[in-house]
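In this note's numbering, the protein residues as written are 608 to 864.
Note that beta-carbon positions come from the ideal geometry of N, C-alpha and C, so glycine has one too.
Computed from a predicted model, the values in this text were never measured in an experiment.
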């Protein structure tokens, strides 16, 4: 009644009709004076997804969705490792989004790690990217004449707009998909391998993870596949890259550092 804003009479009618149509889904518990899920319950209106439920919990935990806005009715006790807040100024995001929509080039002052002081650049943003920790603007760099990633948090200042000079469709690494194929570390025991297969939803000892080639650098790093697997204990490394010959490492357009 609270969730759907309906009367007691309407709720009673809905439950009666539902139980008549799918008799084994609902069971009336006299001690609770309520309908409960039957042992043979099968969803009839949705396809259940553990990923959707856990994503909703994470969204509430991070403050992206309030409890009142969430479709979860009863929240379990839960927690998550903290993700450091990134200093993206709303004005920066606004101007980048406006340039993507226009489209337009932006004159920016950017602080890279390779230079002691911020430097001026002209970039043509056409997309946003998230590497699991930080937000980037995917853009054509007029200075270097290549497509690159620019961390939004490192854009110190945005100046004037200008005309674009490159077609976003020419960003082949953004529009091309790579497949990262992973499997359990070969030096793990059979039971340990089975545990890893369960963790990653592997079938026949492998799992395939599609990713834009432009984000391959970040995907390999986040999965711990950017280093030699022999450098860590199998119990720590846990997974290995099975198709390194086809993935060919990180893309040429690594992030601007």
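Q) For the 8 Å Cβ check, are there 3 or more pairs between the stretch 717-728 and the stretch 772-787? A) no
Q: Tell me whether residue 757 sits in a helix, a strand or coil according to DSSP, three-state version.
A: Locating residue 757 in the chain shown gives position 150, where the first residue counts as 1. Strand, per DSSP.
Q | Euclidean distance between Cα positions of residue 726 and residue 812 | A | Counting from 1 along the chain shown, the entry for residue 726 is found at position 119. Counting from 1 along the chain shown, the entry for residue 812 is found at position 205. So the two alpha carbons sit approximately 48 Å from each other.
Q.
Taking the beta carbon of residue 860 as the centre, do at least 16 other beta carbons fall within 10 Å, making it buried, or is it exposed?
A. The sequence position of residue 860 within the chain shown is 253, counting from 1. For residue 860, the predicted model reports a pLDDT of 46, less than 50, meaning its position is unreliable; a value from the coordinates is still stated below. Looking at its Cβ environment, which holds 16 or more other Cβ atoms inside 10 Å, residue 860 is buried.
Q | Cβ pair residue 848, residue 832 closer than 8 Å | A | To locate residue 848, count along the chain shown from 1; it is residue 241. To locate residue 832, count along the chain shown from 1; it is residue 225. Going by C-beta atoms, residue 848 is nearer than 8 Å to residue 832.
Q. Residue 678 lies in the beta strand (DSSP E); which residues open and close that run?
A. To locate residue 678, count along the chain shown from 1; it is residue 71. Taken as a continuous stretch (DSSP letters only), residue 678 belongs to no beta strand (DSSP E), as it is neither H nor E.
Q) Which residues in the same chain have their Cβ closer than 7 Å to the Cβ of residue 670, if we skip the five residues on either side of it in sequence? A) Position 63 of the chain shown, counted from the start, is the residue given in the question as residue 670. No residues qualify anywhere along the chain.
Q. Would residue 713 pass as a contact of residue 732 if the rule is Cβ separation under 8 Å?
A. For the purposes of this step, residue 713 is taken as residue 106 along the chain shown, with counting starting at 1. For the purposes of this step, residue 732 is taken as residue 125 along the chain shown, with counting starting at 1. Contact flag set, yes.
(Q) Quick check on DSSP: helix, strand or coil for residue 857? (A) The sequence position of residue 857 within the chain shown is 250, counting from 1. For residue 857, the pLDDT reaches just 49, beneath the cut-off of 50, and the residue's location in the model is therefore unreliable, although a value from the coordinates is still provided. Residue 857 falls in the coil class under three-state DSSP.
Q) residue 835 by DSSP, collapsed to three states: which one? A) Taking the chain shown and counting its residues from 1, the one referred to as residue 835 is at position 228. Residue 835: coil per DSSP, three-state reduction.
Q. Using the beta-carbon count (16 or more within 10 Å), is residue 826 buried or exposed?
A. Start at 1 with the first residue of the chain shown, and residue 826 comes out as number 219. Its Cβ being crowded by 16 or more others within 10 Å, residue 826 is buried.
**Q.** Identity of the residues DSSP links to residue 792 by a beta bridge
**A.** Counted from its first residue, the chain shown places residue 792 at position 185. DSSP lists no partner for residue 792.
Q) Does the Cβ of residue 637 have 16 or more other Cβ atoms within 10 Å, making it buried, or fewer, making it exposed? A) Residue numbering aside, residue 637 sits at position 30 when the chain shown is read from its first letter. Burial call: exposed.
Q: Figure out for me which residue from 828, 840 and 634 has the closest Cα to the Cα of residue 739.
A: On the chain shown, position 132 is the one that residue 739 refers to. Comparing Cα-Cα distances from residue 739 to each of 828, 840 and 634, the minimum goes to 828.
Q | Assigned secondary structure, residue 687 (DSSP; H/G/I helix, E/B strand, else coil) | A | On the chain shown, residue 687 is found 80 positions in, with the first residue counted as 1. In this structure, residue 687 counts as coil in the three-state DSSP scheme.
Q) Is it the case that the Cβ atoms of residue 815 and residue 788 are separated by a distance below 8 Å? A) Sequence index remark: in the chain shown, residue 815 carries index 208 (1-based). Sequence index remark: in the chain shown, residue 788 carries index 181 (1-based). Going by C-beta atoms, residue 815 is nearer than 8 Å to residue 788.
Q) Candidates 699, 800, 748 and 786: which alpha carbon is nearest residue 763's? A) Residue 763 sits at position 156 when you count from the first residue of the chain shown. Closest by alpha carbon: 699.
Q.
Rounding to the nearest angstrom, what Cα-Cα distance links residue 623 and residue 819 in this structure?
A. Within the chain shown, the letter at position 16 stands for residue 623. Within the chain shown, the letter at position 212 stands for residue 819. Roughly 49 Å separates the two Cα atoms.
Q: Check whether the Cβ atoms of residue 744 and residue 681 lie closer than 8 Å to each other.
A: In the chain shown, residue 744 corresponds to position 137, counting from 1. In the chain shown, residue 681 corresponds to position 74, counting from 1. No, Cβ-Cβ distance for residue 744 and residue 681 is not below 8 Å.
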